[in-house]
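A.B. asks:
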Amino acid sequence: MELSASPQEEQATSSTRDVITGMLFVGLLFFILGFVTWLNGSLIPFLKIVCQLTNFQALLVTFAFYIAYTVMALPSAAVLKRVGYKKGMTLGLGVMGIGALLFIPAAQSRHYELFLAGLFTLATGMTLMQTAINPYIVCLGPRESAAMRISIMGLFNKGAGIVVPLIFASLMLKNVDTASQDVLAERLIFPYACMAAALFAIMVFIHFSKLREIPPEVDGADGRIDATSVLQFPQLVLGALALFAYVGVEVIAGDTIGLYGHELKVANFGVLTSYTMMCMVIGYLVGVVAIPRYLSQQRALVLSGLVGLLLTIGVAVGSTHNTALSQMLLGWTGAPLVPNTVMCLALLGLANAMVWPAIWPLALQGLGRHTASGSAVLVMAIAGGALLPLLYGHLSDIVTPRSAYWLMLPCYALILWYAAAGHKIRSWR
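Under this note's numbering, residue 506 is the last one in the sequence shown; the count climbs by one each step, no gaps.
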């Protein structure tokens, strides 16, 4: 006689299956977001060559990309309120596909403005996607295991950051010093056409999938998102400033390392973003294992600030010829060695990995019904990725690219202060 499963067991099995299926779908989307985001690190030195740009002009790539998060954060939240998370994901993929298509006329004409328009459109779709999938992954299963799910998604995101520079370098950077600008620009057409096709295909796949819908949470009785009422919370405002600084230094470490490597004539400059992303992945894994069992979120943030300060000094004063540091850390892997100053820049990925997940809970603590509005403010702090790299580019044109990295020192000092004291402030008086 066969025993049938009880209704409770069937419901639990179905719930677990829904969570795993949802995580696989969202993991794919996080990989796509990481792929497009960390493509910028290789794209910046490439477009500098193709369009004959200064460092400041080349870093308009990061400005056009990350400013979309600030401009489109609240509109994206309003869209999600109307259409829901699942449709928000499909809409975001469609907008990203349009952004990828804009690269085709941009490559054909070599008009830098069109490249920037394509990047802004890509990031607009990504903002909608980010606004949908971050709360979706939280609500997909039990709240007490949300941090674990977010960490896994972070590995998908940063894992893409390891892969994409390797792919870009193999497709785009062959004979980069001898090919003409027109030939180099034309190399972008096929990959971005493929990217657009893949984005539209995944959009259709998600639309017709059985990914379950989760009603968006609302902030208050009427469901409005009010980004001004939360300014009464110092821990949030100061946390947003710390996040602004963090996203700025994260983008500087990940997206300017190729530009800096090209300046130093490092042979493998096109894949250097992979070095930073690998360090971030290691940092994520350390965070998953150590927090909170061995290390509190607050102490992890203190450690991140301290390590960031030390490595920034290493970038600014380290050797541009000696490769002892990468020999010690990477020699056993067979990876190409890089100067110490470049290796310190890559190692900032370790310092940066735990900052984002540590600041969010500290900044949102005690906000109650204002939590959704506070989240929107924190998302807008991603503007640091638009403005600080641009300032770095301006400074690198005035002084030297290496001296401009001193800009990161006050950023890590702010993160350290917020970790040690700033997050405890509960009143402006």
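For every residue, glycine included, the Cβ atom is placed at its ideal position computed from N, Cα and C.
Once DSSP output is grouped into helix, strand and coil, what is the label at residue 226?
C.D. replies: Working through the sequence shown from its first residue, we reach residue 226 at position 149. Helix.
A.B. asks: When the distance is taken between beta carbons, is residue 388 closer than 8 angstroms to residue 400?
C.D. replies: Position 323 of the sequence shown, counting from 1, holds the residue named residue 400. Position 311 of the sequence shown, counting from 1, holds the residue named residue 388. Result no, Cβ atoms of residue 400 and residue 388 do not sit closer than 8 angstroms.
A.B. asks: Pull up the distance between the alpha-carbon of residue 322 and that of residue 455, whole angstroms please.
C.D. replies: Within the sequence shown, residue 322 is the residue found at index 245, counting from 1. Within the sequence shown, residue 455 is the residue found at index 378, counting from 1. Using only the alpha carbons, I get a separation of about 12 angstroms.
A.B. asks: Rounded to whole angstroms, what is the Cα-Cα separation between residue 328 and residue 286?
C.D. replies: On the sequence shown, position 251 is the one that residue 328 refers to. On the sequence shown, position 209 is the one that residue 286 refers to. Each residue's alpha carbon lies about 34 angstroms from the other.
A.B. asks: What are the uninterrupted segments assigned as alpha helix (DSSP H) that are 4 or more residues long and contained completely in the region 147 to 192, given in chain order?
C.D. replies: Here the runs fully enclosed are 162 to 186.
A.B. asks: How do the region 189 to 208 and the region 232 to 246 stand: do at least 3 beta-carbon pairs fall below 8 angstroms, yes or no?
C.D. replies: no
A.B. asks: From residue 213 to residue 259, what distance separates their C-alpha atoms?
C.D. replies: In the sequence shown, counting from the first residue as 1, residue 213 sits at position 136. In the sequence shown, counting from the first residue as 1, residue 259 sits at position 182. The straight-line gap from Cα to Cα measures roughly 43 angstroms.
A.B. asks: According to DSSP, is residue 414 helix, strand or coil?
C.D. replies: Taking the first residue of the sequence shown as 1, we reach residue 414 at position 337. If DSSP states are grouped into helix, strand and coil, residue 414 belongs with coil.
A.B. asks: Give me the Cα-Cα distance between residue 560 and residue 405, rounded to the nearest whole angstrom.
C.D. replies: Past the boundaries of the shown model lies residue 560; the chain is included only from 78 to 506, so the question cannot be answered.
A.B. asks: Quick one: Cα of residue 115 to Cα of residue 442, how far?
C.D. replies: Within the sequence shown, the letter at position 38 stands for residue 115. Within the sequence shown, the letter at position 365 stands for residue 442. Whole-angstrom Cα-Cα distance: 30 angstroms.
A.B. asks: What do you get for residue 297, buried or exposed, if any count of 16 or more other CB atoms within 10 angstroms of its CB means buried?
C.D. replies: Start at 1 with the first residue of the sequence shown, and residue 297 comes out as number 220. Residue placement at residue 297 is poorly supported in this model, since its pLDDT is 48, which falls under 50; the coordinates still yield a value, given next. With fewer than 16 Cβ atoms within 10 Å of its Cβ, residue 297 is classed as exposed.
A.B. asks: Any idea what DSSP makes of residue 333, helix, strand or coil?
C.D. replies: Counted from its first residue, the sequence shown places residue 333 at position 256. In the structure shown, residue 333 sits in coil (DSSP, three-state: anything other than H, G, I, E or B).
A.B. asks: Measuring straight from C-alpha to C-alpha, what distance separates residue 498 and residue 380?
C.D. replies: The residue given as residue 498 occupies position 421 in the sequence shown. The residue given as residue 380 occupies position 303 in the sequence shown. About 14 angstroms.
A.B. asks: Within the same chain, show all residues whose beta-carbon is closer than 8 angstroms to that of residue 429, passing over the 5 residues directly before and after it, in chain order.
C.D. replies: Here residue 429 corresponds to residue number 352 of the sequence shown, with the count starting at 1. Same-chain partners within the cutoff: 323, 326, 327, 330, 357, 360, 381 and 385.
A.B. asks: Are the beta-carbon atoms of residue 478 and residue 337 separated by less than 8 angstroms?
C.D. replies: Here residue 478 corresponds to residue number 401 of the sequence shown, with the count starting at 1. Here residue 337 corresponds to residue number 260 of the sequence shown, with the count starting at 1. Going by C-beta atoms, residue 478 is nearer than 8 angstroms to residue 337.
A.B. asks: Excluding the five sequence neighbours on either side, which residues of its own chain have a C-beta within less than 7 angstroms of the C-beta of residue 486, listed in chain order?
C.D. replies: To locate residue 486, count along the sequence shown from 1; it is residue 409. Closer than 7 angstroms at the Cβ level, and outside the excluded window around residue 486, lie 386 and 389.
A.B. asks: Would residue 162 pass as an interface residue toward chain D - the criterion being a Cβ-Cβ separation below 8 angstroms?
C.D. replies: Reference to chain D is not applicable here, since this structure consists of a single protein chain.
A.B. asks: Using only CA atoms, which one of 403, 504, 395 and 143 lies nearest to residue 480?
C.D. replies: For this step, residue 480 is matched to residue 403 along the sequence shown. Taking only the C-alpha atoms, the option nearest residue 480 is 395.
A.B. asks: Can you tell me whether residue 429 is helix, strand or coil according to DSSP?
C.D. replies: Taking the first residue of the sequence shown as position 1, residue 429 is located at position 352. Note: residue 429 maps to helix in three-state DSSP.
A.B. asks: Using 8 angstroms as the threshold, is the C-beta distance between residue 173 and residue 199 below it?
C.D. replies: As a position in the sequence shown, residue 173 is number 96, starting the count at 1. As a position in the sequence shown, residue 199 is number 122, starting the count at 1. Cβ atoms of residue 173 and residue 199: closer than 8 angstroms.
A.B. asks: Which word fits residue 444, buried or exposed, when buried means at least 16 other C-beta atoms lie within 10 angstroms of its C-beta?
C.D. replies: In the sequence shown, the residue the question calls residue 444 occupies position 367. Buried, because 16 or more other Cβ atoms sit within 10 Å of the Cβ of residue 444.
A.B. asks: Quick check on the burial criterion: 16 or more other C-beta atoms within 10 angstroms. Buried or exposed for residue 97?
C.D. replies: Here residue 97 refers to the residue found at position 20 when the sequence shown is read from its first residue. Residue 97 is exposed by the Cβ-count criterion.
A.B. asks: Of all the alpha helix (DSSP H) runs that stay within the bounds of the region 345 to 430, which reach a length of 4 or more residues?
C.D. replies: 349 to 367, 374 to 394, 401 to 407 and 417 to 430
A.B. asks: Have a look at residue 269 and residue 184 and give me their C-alpha separation to the nearest angstrom.
C.D. replies: For the purposes of this step, residue 269 is taken as residue 192 along the sequence shown, with counting starting at 1. For the purposes of this step, residue 184 is taken as residue 107 along the sequence shown, with counting starting at 1. In a straight line, the C-alpha of residue 269 is about 10 angstroms away from that of residue 184.
A.B. asks: Distance check for residue 409 and residue 149, CA to CA, integer angstroms please.
C.D. replies: For the purposes of this step, residue 149 is identified with residue 72 of the sequence shown, where counting begins at 1. For the purposes of this step, residue 409 is identified with residue 332 of the sequence shown, where counting begins at 1. Going from the Cα of residue 149 to the Cα of residue 409 covers about 44 angstroms.
A.B. asks: Closest by CA to residue 465, which one among 93, 137 and 106?
C.D. replies: Residue 465 sits at position 388 when you count from the first residue of the sequence shown. Residue 465 has its Cα closest to that of 137, out of 93, 137 and 106.
A.B. asks: I want to check one thing, is the minimum distance from the CB of residue 106 to the heavy atoms of the ligand SAH below 7 angstroms?
C.D. replies: By its list of ligands, the structure shown contains no ligand whatsoever, and the ligand SAH lies outside what it can speak to.
A.B. asks: What separation, rounded to the nearest whole angstrom, lies between the Cα atoms of residue 113 and residue 308?
C.D. replies: As a position in the sequence shown, residue 113 is number 36, starting the count at 1. As a position in the sequence shown, residue 308 is number 231, starting the count at 1. Between the C-alpha atoms of residue 113 and residue 308 there is a straight-line separation of about 32 angstroms.
A.B. asks: Report the residue from 205, 506 and 241 whose alpha carbon sits nearest the alpha carbon of residue 272.
C.D. replies: Residue mapping note: residue 272 aligns to position 195 of the sequence shown, counting from 1. Nearest to residue 272 by alpha-carbon distance, out of 205, 506 and 241, is 241.
A.B. asks: Just the Cα atoms here: how many angstroms apart are residue 168 and residue 276?
C.D. replies: As a first step, residue 168 is located in the sequence shown; it is residue number 91 there, counting from the start. As a first step, residue 276 is located in the sequence shown; it is residue number 199 there, counting from the start. Distance between the alpha carbons of residue 168 and residue 276 is about 11 angstroms.
A.B. asks: Excluding the 5 residues preceding and the 5 following residue 182 in the sequence, name in chain order all residues of the same chain whose CB lies nearer than 7 angstroms to its CB.
C.D. replies: Here the question's residue 182 lines up with position 105 in the sequence shown. Hits under 7 angstroms: 191.
A.B. asks: Within the continuous alpha helix (DSSP H) that includes residue 52, where are the two ends?
C.D. replies: Only positions 78 to 506 of the chain appear in the structure, and residue 52 is not among them; the question remains open.
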